[in-house]
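Some notes on the structure that comes next.
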Amino acid sequence: MKIEQLYIAAIALLLTACSGQDIINDSQETVSRMPVLFSAGNTDVALTRATASYMPKDSRFVCSMFFHAGANDTNDSEFGAPISDVNMTTAWLKINNATGNAVYWNSAYADASATDIYGFDENAKCFYWQNRLNHIFLALADNNKLSTEDGTGTLKLFPDVSTQYKNQYMKAYDLTKGTKTSMAEQPDPILAVETISPAGATPEANRVKLFFKHQFSQIQVNLKNSQDESVTIDSTLIESVELLGVAETGYVAYCIQPDGTVPATTSAPINIDDPKYDATEKDNPYGSCFSLFKRVAVPGYLKSFEGIAFGTLQGIRITWKESNDENAVKHVATYKGVKNMTLESGKKYIYNMELRRSLIAQVKAEVVAWEMDQTDYSADGTIQN
């Protein structure tokens, strides 16, 4: 009888051990069958739904997921470089409602023939949690083309694009004016990076919240007549406002470092010895020149200008004339109080200036966080950078 009891006890222990193993395996299998859900916008729990701001419906973005692929990896392990599609993958998403919910879609953003219970395009690539370790999500969009770009344009990441700058996988953006007529036509890359491990038991519990940030800078210049009345003109006599020395090419990373960090947004320095600057070197020793776009004037000012820029700002050059007469005196003055100033990602630089004969008197300079345009992001809460 005693032997029989011991046998039953042994069987019970064995069943318990097997049951525990099943739970562990089921946990791993469950997470690998669990799709990654996304919300894009300001969905911080500290904000109420009434004040939260979300990426608008039909906005598009591309996202890369990086994960630990090694059998013995831990959260302290390095992430492999994206040389092959082993420890990273890329997918395209769009916003399908008013509260920032993102759904996987085909890279051409064509109509889906069928969608699943999550609203995903059934023919689209979809992310699934790979394990319970940290995953890194790097998402990119163009804030000026939120609902028009696709996987053949700016919404393209590794492995479909492999351009590099200084041995880092980075996308190049043309910051020259060219034929553009407004700031809305300039590239305005916004990037979101989130590191998270799927600790929850359901896809919703592991939802990834993406907070997009501007990668370049915005410059705004507001001009008024001088307080000493040495200049009294109307807005039509102000011809241009130019940024001197700013970058002509900006670079935004679409990769991560082995430690999981993302390389900083950067730009190619201006080579003032480049022959293309020979003709303008006398008037502009800083090489590049970017003419800002006219915008609606700020109340109290004659005229306002704006533009997206990056790199190093060396000066602000303003051209205006005293009258509409054919032989009117023209003034070209350069404000050099910004010389060698490095422009920061996600910042808006505001220069309020007054015009005086042959010089500029700066009234006020202000550097603020570049908020997402209220026309693109509804409600009070805006995504801060």
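Its first residue numbered 99, the sequence shown is counted upward by one per residue in our numbering. Idealized CB from N, CA, C, for every residue including glycine. All of these numbers come straight from a predicted model, not from anything done at the bench.
The segment 227 to 238 contacting the segment 346 to 359, beta-carbon criterion three pairs below 8 angstroms:
yes
DSSP state of W468 mapped onto helix, strand, coil:
Translated into the one-based positions of the sequence shown, residue 468 becomes position 370. Coil at W468, not helix or strand.
Would the beta-carbon of Y375 fall within 8 angstroms of that of G343?
The sequence position of residue 375 within the sequence shown is 277, counting from 1. The sequence position of residue 343 within the sequence shown is 245, counting from 1. Not a contact, by the Cβ cut-off of 8 angstroms.
Would you mind working out which of Q228, A189, N242 sits nearest D219, comparing C-alpha positions?
Within the sequence shown, residue 219 is the residue found at index 121, counting from 1. Of the listed residues, the one whose Cα sits closest to D219 is A189.
Please go through the same chain and pick out, in chain order, the residues whose beta-carbon is closer than 6 angstroms to the beta-carbon of V201, but skip the five residues on each side of it.
Reading the sequence shown from its first residue, position 103 is the one you call residue 201. Same-chain partners within the cutoff: N194, G217, F218.
As assigned by DSSP and simplified to three states, the class of E337:
If you number the sequence shown from 1, residue 337 lands on position 239. Strand, per DSSP.
If A407 sits next to L273, beta carbons under 8 angstroms apart, how far is it from one beta carbon to the other, in whole angstroms?
Within the sequence shown, numbered from 1, the residue matching residue 407 stands at position 309. Within the sequence shown, numbered from 1, the residue matching residue 273 stands at position 175. Indeed, because the Cβ distance is near 6 angstroms, the residues count as touching under 8 angstroms.
Proximal residues to D142 (C-beta, below 7 angstroms), its chain only, five neighbours per side dropped:
The residue you call residue 142 lines up with position 44 of the sequence shown. Since pLDDT at D142 reaches only 44, below the 50 mark, its modelled position is unreliable, and no value is offered.
Neighbourhood of P301 by C-beta distance below 6 angstroms, restricted to the same chain and skipping five residues each side
By one-based count along the sequence shown, residue 301 stands at place 203. By the criterion of a C-beta distance shorter than 6 angstroms, P301 is surrounded in its chain by M132, P133, L135, once the five residues flanking it on both sides are discounted.
Quick check: the Cα distance between T187 and R305, rounded to an integer number of angstroms?
For the purposes of this step, residue 187 is identified with residue 89 of the sequence shown, where counting begins at 1. For the purposes of this step, residue 305 is identified with residue 207 of the sequence shown, where counting begins at 1. If you take the alpha carbons of T187 and R305, they lie about 18 angstroms apart.
Can you tell me whether DSSP reads P285 as helix, strand or coil?
Within the sequence shown, numbered from 1, the residue matching residue 285 stands at position 187. DSSP places P285 in coil when its eight states are reduced to three.
Here's a check: name, in chain order, each residue in its chain whose Cβ is nearer than 7 angstroms to the Cβ of S245, leaving out the five neighbours to either side.
Stepping through the sequence shown from its first residue, residue 245 is reached at position 147. Closer than 7 angstroms at the Cβ level, and outside the excluded window around S245, lie D156, S157, R158.
Could you tell me the distance, in whole angstroms, from the CA atom of G249 to the CA atom of G405?
Sequence index remark: in the sequence shown, residue 249 carries index 151 (1-based). Sequence index remark: in the sequence shown, residue 405 carries index 307 (1-based). Roughly 26 angstroms between the two C-alpha positions.
Bridge partner(s) assigned by DSSP for V160:
The count along the sequence shown starts at 1 and reaches residue 160 at position 62. Per DSSP, W190, L238.
How long is the line joining the alpha carbons of V466 and C161, rounded to whole angstroms?
The residue labelled residue 466 in the question sits at position 368 within the sequence shown. The residue labelled residue 161 in the question sits at position 63 within the sequence shown. Each residue's alpha carbon lies about 28 angstroms from the other.
Check for me: the beta strand (DSSP E) holding L253 runs from which residue to which?
The sequence position of residue 253 within the sequence shown is 155, counting from 1. It is not in any beta strand (DSSP E) - L253 carries neither H nor E in the DSSP assignment.
Please classify I215 as buried or exposed, where buried requires at least 16 other C-beta atoms within 10 Å of its C-beta.
Start at 1 with the first residue of the sequence shown, and residue 215 comes out as number 117. Flag for I215 reads exposed.
Selection from H429, F391, G251 that minimises the alpha carbon distance to T279:
Within the sequence shown, residue 279 is the residue found at index 181, counting from 1. Minimum Cα distance to T279 is reached at F391.
Quick one: using the 10 Å Cβ neighbour count with 16 as the cut-off for buried, is Q316 buried or exposed?
Your numbering for residue 316 matches position 218 in the sequence shown. So Q316 ends up on the buried side.
Residue nearest to E346 in terms of C-alpha spacing, selected from Y226, Y271, K311
By 1-based counting over the sequence shown, the position of residue 346 is 248. Closest option to E346, Cα to Cα, is Y271.
Which residues in the same chain as K445 place their Cβ atom closer than 8 angstroms to its Cβ, once the five residues preceding and following it in sequence are excluded?
Taking the sequence shown and counting its residues from 1, one reaches residue 445 at position 347. Cβ within range, chain order: S315, Q316, V465, V466, A467, W468, N483.
Classify D258 as buried or exposed, calling it buried when 16 or more other Cβ atoms lie within 10 Å of its own Cβ.
Position 160 of the sequence shown holds residue 258. Flag for D258 reads exposed.
Within 10 angstroms of its Cβ, does I368 collect 16 or more other Cβ (buried), or is it exposed?
Position 270 of the sequence shown, counted from the start, is the residue given in the question as residue 368. Buried, since its Cβ has 16 or more Cβ neighbours within 10 Å.
Going by CA-CA distance only, name the one from T172, D381, V291, W418 that's closest to S338.
By 1-based counting over the sequence shown, the position of residue 338 is 240. The candidate whose alpha carbon is nearest that of S338 is W418.
Short check: CB of V427 to CB of E420, under 8 angstroms?
Position 329 of the sequence shown, counted from the first residue, corresponds to residue 427. Position 322 of the sequence shown, counted from the first residue, corresponds to residue 420. Their beta carbons are under 8 angstroms apart, which means V427 touches E420 by this criterion.
Please classify T378: does DSSP put it in a helix, a strand, or coil?
One-based indexing of the sequence shown puts residue 378 at position 280. Three-state result, T378: helix.
Would you kindly check if the distance between the Cβ of R454 and the Cβ of S324 is under 8 angstroms?
Against the sequence shown, residue 324 aligns to sequence position 226. Against the sequence shown, residue 454 aligns to sequence position 356. Their beta carbons are under 8 angstroms apart, which means S324 touches R454 by this criterion.
DSSP state of S303, grouped into three classes?
Here residue 303 refers to the residue found at position 205 of the sequence shown. The amino acid at residue 303 is misidentified as Ser; the sequence shows Ala. Here A303 carries a helix assignment [DSSP, helix/strand/coil].
Spatial distance of S260 from Q266 (CA atoms)
Here residue 260 refers to the residue found at position 162 of the sequence shown. Here residue 266 refers to the residue found at position 168 of the sequence shown. Taking the CA atoms as reference points, S260 sits about 10 angstroms from Q266.
Quick one: Cα of N221 to Cα of L308, how far?
Start at 1 with the first residue of the sequence shown, and residue 221 comes out as number 123. Start at 1 with the first residue of the sequence shown, and residue 308 comes out as number 210. Cα to Cα, the separation comes out at about 24 angstroms.
Let me check one thing: in DSSP terms, what residues is T293 bridge-paired to?
Position 195 of the sequence shown, counting from 1, holds the residue named residue 293. The partner list for T293 (beta bridge, DSSP) reads I234.
For E327, count neighbouring Cβ atoms within 10 angstroms of its own Cβ and tell me buried if that reaches 16, exposed if not.
Position 229 of the sequence shown, counted from the first residue, corresponds to residue 327. Exposed.
Select from Y433, R393, D174, T197 the residue whose C-alpha is nearest the C-alpha of D357.
In the sequence shown, the residue the question calls residue 357 occupies position 259. Answer by Cα proximity: D174.
Residue-level contact to chain C via CB, D326, 8 angstroms cutoff:
Absent here is chain C; the protein component of the structure consists of one chain.
Excluding sequence positions up to five away, which residues of its chain have a Cβ less than 7 angstroms from the Cβ of N382?
Locating residue 382 in the sequence shown gives position 284, counting from the first residue. Closer than 7 angstroms at the Cβ level, and outside the excluded window around N382, lie L342.
C-alpha gap between M439 and C387, whole angstroms
Translated into positions along the sequence shown, residue 439 becomes position 341. Translated into positions along the sequence shown, residue 387 becomes position 289. Whole-angstrom Cα-Cα distance: 15 angstroms.
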